[in-house]
Structure formats: structure tokens, C-alpha cells
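K.L.:
Heads up: take any position in the sequence shown, counting from 1, add 262, and you land on this note's numbering. C-beta: ideal position from N, C-alpha, C; glycine also. No experiment lies behind these values; they were computed from the predicted model shown.
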Amino acid sequence: MPDINLLNQSTIDKIAAGEVVERPSSVVKELVENAIDAGARAVTVELKEGGLSLIRVTDNGCGIAKDQVRKAFLRHATSKISSIEDLEFVESLGFRGEALSSIAAVSQVEVVTRTSDELTGVRYSIAGGVEEDVEEIGAPEGTTFLVRNLFYNTPARRKFLRQPQTEGGYVADLMEHIALSKPGISIKFVNGGQLKFHTSGNGDLKEVIYRIYGRETAQALLPFHAKEGSFGVFGYIGKPEVNRSNRSFEIYFVNGRFVKNDIIGKALEEGYRKYLMQHKFPFAVLHFELDPQEIDVNVHPSKMQIRIHRGNELYAFLSGAVSEALHETELIPEVKLSRPEAEKREPPKAPEPFESTRIRNLAREEAPQYMVKSMPVPEVIREKPVHAAGRVLGAPEKETVIKAKDHILVEKPVQMNLFEEKILTADTRDEYVILGQIFDTYWLISVRDKLLFVDQHAAHEKVKYERLVKALSKKETASQLLNPPVILDLTGKERELLAEFLPYFGRLGFELEEFGGDAFAVRSMPTDLYGCGEKELFMEILDELSENPMKGTPEVILHKLASMACKSAVKGNSRMNRQEMEALIDELLTLEDPYHCPHGRPTIISMSRYEIEKKFRRIV
263 MPDINLLNQS TIDKIAAGEV VERPSSVVKE LVENAIDAGA RAVTVELKEG GLSLIRVTDN
323 GCGIAKDQVR KAFLRHATSK ISSIEDLEFV ESLGFRGEAL SSIAAVSQVE VVTRTSDELT
383 GVRYSIAGGV EEDVEEIGAP EGTTFLVRNL FYNTPARRKF LRQPQTEGGY VADLMEHIAL
443 SKPGISIKFV NGGQLKFHTS GNGDLKEVIY RIYGRETAQA LLPFHAKEGS FGVFGYIGKP
503 EVNRSNRSFE IYFVNGRFVK NDIIGKALEE GYRKYLMQHK FPFAVLHFEL DPQEIDVNVH
563 PSKMQIRIHR GNELYAFLSG AVSEALHETE LIPEVKLSRP EAEKREPPKA PEPFESTRIR
623 NLAREEAPQY MVKSMPVPEV IREKPVHAAG RVLGAPEKET VIKAKDHILV EKPVQMNLFE
683 EKILTADTRD EYVILGQIFD TYWLISVRDK LLFVDQHAAH EKVKYERLVK ALSKKETASQ
743 LLNPPVILDL TGKERELLAE FLPYFGRLGF ELEEFGGDAF AVRSMPTDLY GCGEKELFME
803 ILDELSENPM KGTPEVILHK LASMACKSAV KGNSRMNRQE MEALIDELLT LEDPYHCPHG
863 RPTIISMSRY EIEKKFRRIV
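1) On the CB-based measure, 16 or more other CB atoms within 10 Å of its CB, does methionine 633 come out buried or exposed?
2) Assess, as a yes-or-no matter, whether the region 427 to 438 is touched by the region 303 to 316 under the definition of 3 or more beta carbon pairs within less than 8 Å.
3) Can you say whether proline 502 is buried or exposed, counting buried as having 16 or more other CB atoms within 10 angstroms of its CB?
4) Determine the contact status of lysine 294 and leucine 442, defining contact as a CB-CB distance below 8 Å.
5) Let me check one thing: in DSSP terms, what residues is phenylalanine 543 bridge-paired to?
6) Between the region 713 to 729 and the region 839 to 851, do at least 3 Cβ pairs fall closer than 8 Å?
7) Which residues bound the alpha helix (DSSP H) around aspartate 524?
8) Which partner residues of isoleucine 399 appear in the DSSP bridge assignment?
9) Given that a residue counts as buried once 16 or more other Cβ atoms are within 10 Å of its Cβ, and exposed if not, what is lysine 755?
10) At which residues does the beta strand (DSSP E) containing threonine 306 begin and terminate?
11) Measuring only the C-alpha atoms, how far is valine 516 from leucine 846?
12) Going straight from the alpha carbon of isoleucine 447 to that of valine 283, what length do you get?
13) Which value, in whole angstroms, describes the spacing of the CA atoms of aspartate 399 and isoleucine 326?
14) With three or more beta-carbon pairs closer than 8 Å as the criterion, would you say the region 482 to 498 touches the region 573 to 584?
15) For alanine 480, collect the residues of the same chain with a Cβ closer than 8 Å to its Cβ; drop the 5 residues on either side in sequence, then sort them by chain order.
16) How is leucine 947 classed by DSSP in three states: helix, strand or coil?
17) Distance check for leucine 759 and tyrosine 498, CA to CA, integer angstroms please.
18) Nearest CA to the CA of glutamate 394: which residue from His549, Ala418, Ala366?
19) With DSSP as the reference, label glutamate 844 as helix, strand or coil.
20) Does the beta carbon of alanine 367 fall short of 7 Å from some heavy atom of the ligand PLP?
21) Can you check which of these residues, Lys712, His460, Val716, is closest to aspartate 702 by C-alpha distance?
22) Report back the beta-carbon spacing between methionine 801 and serine 741 to the nearest angstrom; my notes put them in contact at under 8 Å.
23) Drop a sphere of 10 angstroms on the beta-carbon of proline 856, count the other beta-carbons inside from all chains shown, and report buried for 16 or more, exposed for fewer.
24) Work out the CA separation of leucine 770 and valine 784 for me, nearest whole Å.
25) The beta strand (DSSP E) spanning tyrosine 704 covers which residue range?
26) Give me the DSSP bridge partner(s) of threonine 406.
27) Using a 10 Å radius around the Cβ and a threshold of 16 neighbouring Cβ atoms, would you call arginine 535 buried or exposed?
28) Name the DSSP bridge partner or partners of proline 485?
29) Compute the Euclidean distance between the alpha carbons of glycine 301 and asparagine 322, then round it to the nearest angstrom.
30) Confirm, please, whether the CB-CB distance from valine 409 to valine 396 is below 8 Å.
31) Please determine, among Glu844, Gly778, Arg757, Arg837, the residue with the shortest C-alpha to C-alpha distance to aspartate 805.
32) Assuming tyrosine 766 is part of the beta strand (DSSP E), what are its boundary residues?
33) By DSSP, does asparagine 453 sit in helix, in strand, or in coil?
34) Contact check, leucine 436 vs valine 289 under 8 Å by CB: the rounded distance?
35) If you count every other CB in all the chains shown that lies within 10 Å of the CB of arginine 863, and 16 or more means buried, which is it?
36) Helix, strand or coil, according to DSSP, for glycine 431 in the structure here?
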């Protein structure tokens with residue numbers, strides 16, 4: 263058996279730091295939470311290269327006393343608690359005493375701080391856990407942290423960090439949550455010399471939501487307030503039309519702390535269950551006021567996970583309150599036939615915080631360019647235009663339709679066995695007999711000794727998917743001009759994602775440009791995706807990128823985009839004539855796998871002549 267080694271303190275500190283500091287956003291979270299605990303009324307966060315080279319956090323809180331600065335960087339040193347019993351009543355954001363020591367172990371840290379009762383402040387430098395310098399210095403009341411070269415001494419950790427734009431997006435997402443959690447604190451966020459957002463700190467939660475998520479979202483909110491026993495909650499919930507494809511916009515805070523909790527999330531979705539389609543999730547910003555003794559925040563070093571003592575009661579309380587609030591509201595969406603090009607929004611203006619000269623000390627970077635010029639593409643063959651009802655323009659009106667009321671005379675069709683001799687090929691096309699359409703959704707086709715049932719939506723979806731993927735792979739994507747353009751209000755994280763993947767969106771046929779403030783305009787989009795809810799489609803793409811971020815894999819983006827072509831496919835309950843069916847079948851036969859739609863549903867099922875005759879007892 264190998265000898266057991268006792269690790270040195272430096273190695274121990276670096277390993278322990280990995281539990282607290284994962285990326286630049288982890289550093290920002292810990293430092294901003296310390297600023298809030300220190301009673302700051304204004305906090306400024308500045309990044310260079312997404313926080314990889316420099317993070318600056320400045321606050322006007324109470325500061326750190328001169329004789330306490332060194333102690334603050336020791337492991338498990340904290341002013342928030344003094345014993346294990348205090349964990350039952352902890353109300354501060356920080357309490358573990360690990361943040362500063364962990365940050366100092368993997369970066370170069372400089373802190374300048376002064377308390378209100380001291381004439382001078384102190385500047386303290388520490389790198390890799392080793393003290394470098396300490397001196398008295400003139401400084402304003404409050405604290406400024408400068409964190410440079412994160413993970414400079416742990417290259418194994420640094421190489422797993424993402425691109426600066428992506429890391430900056432994580433920080434932007436964090437800062438938005440902090441601003442929503444503390445509307446009474448002025449929060450300023452600067453990335454690469456650019457002001458991303460600045461809240462006034464006047465305590466108005468809806469104003470913060472407006473500054474982050476834009477006018478449309480802010481106008482579609484319902485004030486929400488409920489209380490039952492020791493459970494209290496207030497904030498805003500979105501009307502059902504304000505929904506997204508992931509849970510990123512289910513934002514809730516417990517006693518001022520941003521958390522993720524399955525009980526709260528499922529209760530919120532249960533309240534919306536009757537009002538949202540499947541796989542759609544609500545928008546909500548909720549503040550919960552719970553008895554500190556009812557929750558346990560000491561679950562993970564990130565302090566984002568909590569345990570709730572009476573989880574079942576909280577679930578029933580929240581789901582019922584949300585459902586009742588929605589039930590009592592007239593949820594009739596407003597229909598807008600067109601949206602004129604709105605006036606360009608100016609960046610939100612807010613009072614400057616206590617420091618006005620910090621930015622000039624931060625090296626300015628060139629702002630990213632968001633304009634994508636139209637790319638010359640060869641002319642591609644386009645499909646015949648289809649009405650909403652699924653009819654090809656100019657097609658004959660005569661139809662062959664089999665009427666069916668409740669059910670057809672078969673019990674259990676089976677999926678085609680693809681290992682048998684294929685009958686769905688171009689060579690056997692002449693053997694097909696299209697019998698007609700049933701339920702305005704399925705086609706009946708007779709071929710050899712089989713009866714085929716074709717799902718028209720799944721078949722059309724598959725055809726459009728393969729067509730678009732082929733065009734994208736050959737860079738033959740054509741664009742359709744949008745008039746008026748689609749205006750998007752993006753969050754900080756979404757803006758950073760857009761900047762990172764902007765060249766790929768250009769290749770896909772999207773033309774985008776800045777529209778003032780946080781807004782962007784979509785001027786054109788791929789022709790095959792035109793008319794299928796342009797704004798919803800684009801936001802779904804960003805949602806998927808946000809939930810499952812990818813690096814250097816544009817092919818994945820292409821396939822995600824192509825799979826969304828199903829939105830423009832002919833729907834069920836749409837009449838189709840024989841010419842339309844024949845055209846779609848002919849194109850389906852050219853595909854390598856015509857048997858499944860992009861989501862895995864079968865496009866075709868079959869029933870043999872043997873099974874039919876057996877049902878009629880012609881054979882035993």
C-alpha cells in the first residue's frame with residue numbers, strides 16, 4: 263500500500279478554493295454579497311476580459327478595520343457568526359468565512375478599505391495565499407477589491423474556463439439576479455469598459471425588471487403578494503403569454519438570497535399548469551420571507567441550495583396562490599397586427615454612485631460589432647408557398663377525403679419494421695395508391711399488401727428539416743427581409759451569448775443590429791423559417807444556448823435551428839388535396855430516413871393485409 267502523505271498548506275488551500283471559486287462569477291458573487299452584508303447602498307462591478315484578467319468590486323459599506331484586514335483572509339474567519347447555533351438564525355448572505363481565503367489562494371488580490379471612524383485606510387496585497395504588501399493609504403469610506411489573473415497558479419483550472427464573452431455573460435446573469443434581490447441598492451455593472459446596466463437603488467422592483475428585461479416584459483407583469491402563517495411572498499408574475507422554453511426566468515429569492523429549489527420551482531409551475539403549454543415555463547420574480555429557522559442554507563459552499571423544513575406546506579401555499587392570482591385576472595392577450603419601428607431606446611440613465619472616476623482606471627476594450635452584413639448566397643429551390651390551412655397556392659380544389667367520425671376499423675397499427683424489405687422507396691412510387699385523408703391529419707396509402715398511415719405534420723416537418731440542414735451545410739441559406747424588424751429586449755447573459763455566436767447567426771441567414779440601449783433588431787432571417795413566430799423562434803434559440811452553452815460547435819446550433827422548422831410545417835386538422843399529398847410523399851422518398859420526424863415521432867405506421875383480413879375473420 264502506498265504511503266499516506268500529509269499535504270502542505272498551499273495545496274490544501276488551492277483544493278479547498280475549488281469548492282468556492284469555480285469561475286469569475288463565483289468571485290463576483292462572494293465579493294458583492296460581502297458588500298451587501300457590509301451595509302453598502304451602492305456597489306459597482308467592473309470586469310476586464312470577462313473577469314479573467316481583472317475584477318473590481320467597489321462599495322460604500324462600513325469598510326474593514328485596519329487591524330482586521332489580515333484576519334479577514336484567514337480560512338473560516340467571519341464576522342457573521344460565532345458558533346454553530348448561529349446557523350439557525352443566519353440572515354446574512356455570507357457566513358462560512360471561506361470566500362476571501364479561497365479567492366486569494368488562486369489569484370492576485372488587492373484590497374483598499376477604510377471605516378468611517380478612521381482617518382486613513384489600508385491597502386493590502388496577497389497573491390496565491392501569500393501576503394505581499396500592507397500600507398496605510400488615503401481612501402474613501404468603503405471597500406474596493408481588485409482580483410487579477412484568476413487561476414494564474416492553477417493552470418489545470420484556468421484551461422477549463424470559457425471565452426471571456428461567455429464568462430462575462432455568467433457574471434451579467436449573476437449581477438441581474440443581485441439587482442433584483444436588492445432593489446434598494448444601486449447596482450452598477452461594467453464589462454470591458456461598457457456600462458451594461460445601472461439601477462437607481464430606489465427600492466422599486468418593477469423598475470429593476472424594466473431595466474433588465476425591457477418594456478414588453480415589464481408591461482405584462484402581475485403584482486403578486488400572498489401570506490399564510492410564517493410563509494410570505496411578494497413580487498411579480500408574468501402573464502401566460504410571457505413564457506420561455508427553459509426555467510431561467512423563474513427567479514426567486516429566500517430572505518434576500520437568490521436560490522434554486524425544486525419545491526418552489528415545481529409549485530410555481532403547478533400554479534401555471536392550466537395556463538401554459540407543455541414545455542413552456544413562466545416568468546416570475548418572487549421574494550420569499552421565511553422564518554430563518556425553517557430553512558437550512560448551509561448545504562453547499564455556493565449557498566444557492568437550501569432545505570425547507572415544511573416543504574409540502576410551502577408547495578401547497580405557493581401553487582394555490584399563483585393559480586388563484588391567474589384565475590382572477592382577465593388573461594386575454596392583446597393582438598398586434600403590426601409593430602411599427604419604435605423609437606430607438608437610449609441606455610438607461612441612473613445617478614452615478616459614490617465613485618465617479620473608477621471607470622477611467624479600467625482599460626477600455628473595443629466594443630463588439632453587432633451588425634451582420636447580408637451574405638451573397640446562391641439561389642435555392644424554394645418549396646411551394648402554403649396557406650395557414652396547409653393548401654398549396656394555385657392547387658386544384660378537388661379533394662379526395664375519407665370521412666371518419668370517431669374511430670377507424672383497426673385496433674393497433676404497428677411501426678414499420680425497417681429491417682424488412684423497404685417498400686417506401688422511389689422505385690416503388692408507382693405502386694402507391696393514395697386513398698385520401700382522415701381526421702384532416704393522416705393520409706391512407708395502399709402499397710402492395712400494406713396499408714400505410716402517414717402523419718402529415720411529422721412528414722412535412724421531416725422534409726423541411728432535411729431541406730434546411732442540407733442548405734445550411736452547403737451555405738446556400740437564403741434570407742427573408744422582415745418589415746417591420748423584430749425588436750428583442752435581451753438580458754446581459756443573452757447579449758453576451760449573441761455576441762459570441764453572432765458569426766454563426768450570420769451564416770444561418772440572420773441579420774442583426776443594435777437598436778439602442780439593450781435592444782436588438784432582427785432585420786432578416788432564414789427564408790425557410792419565415793412566418794413561424796420570428797421573435798419566439800429566436801428567443802428559443804438563445805434559451806437553448808443559455809441552458810446548454812456550446813463552445814466551437816456551430817453544427818449543433820445549425821441542427822437546433824433546423825429542428826425548429828417544424829413550426830412552419832403543415833399542422834394537423836388541416837385539409838390537404840391529392841396534389842399536395844403526392845408532392846410531399848415524393849420529397850419524403852428522397853430522404854435517407856423518412857420514418858421519423860426530427861423529434862423522434864414516427865412519420866409512418868403500417869398495417870398488413872394479413873392483420874386486416876384477420877380482423878374481418880377472413881382467415882383464422
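P.N.:
Put simply:
1) Residue placement at methionine 633 is poorly supported in this model, since its pLDDT is 38, which falls under 50; the coordinates are not used for a value here.
2) yes
3) buried
4) A small fix is needed here, since residue 294 is valine in this sequence, not lysine. In this structure, leucine 442 does not lie closer than 8 Å to valine 294 by Cβ.
5) Beta-bridge pairing links phenylalanine 543 to Arg506.
6) Contact between the region 713 to 729 and the region 839 to 851 is present, with at least three C-beta pairs closer than 8 Å.
7) 524 to 533
8) Gly383
9) buried
10) 304 to 310
11) 54 Å
12) 25 Å
13) The sequence shown places isoleucine at residue 399, rather than the aspartate named in the question. If you take the alpha carbons of isoleucine 399 and isoleucine 326, they lie about 13 Å apart.
14) yes
15) Lys468, Ile471, Tyr472
16) Because the chain in this structure spans residues 263 to 882, residue 947 falls outside the shown range and cannot be described.
17) 26 Å
18) Ala366
19) helix
20) Absent from the structure shown: the ligand PLP. Ligands present: none.
21) Looking from the CA of aspartate 702, the closest CA among Lys712, His460, Val716 belongs to Val716.
22) The pair is not a contact, with the Cβ atoms about 19 Å apart (cut-off 8 Å).
23) buried
24) 13 Å
25) 704 to 709
26) Thr320, Val374
27) exposed
28) Tyr498
29) Distance between the alpha carbons of glycine 301 and asparagine 322 is about 8 Å.
30) Contact: no.
31) Nearest of Glu844, Gly778, Arg757, Arg837 to aspartate 805, Cα basis: Arg757.
32) Here tyrosine 766 belongs to no beta strand (DSSP E); instead the alpha helix (DSSP H) covers 754 to 770.
33) Looking at asparagine 453 - three-state DSSP - the assignment turns out to be strand.
34) About 10 Å; that fails the 8 Å criterion.
35) Classification for arginine 863: exposed.
36) The DSSP-derived three-state label of glycine 431 is helix.
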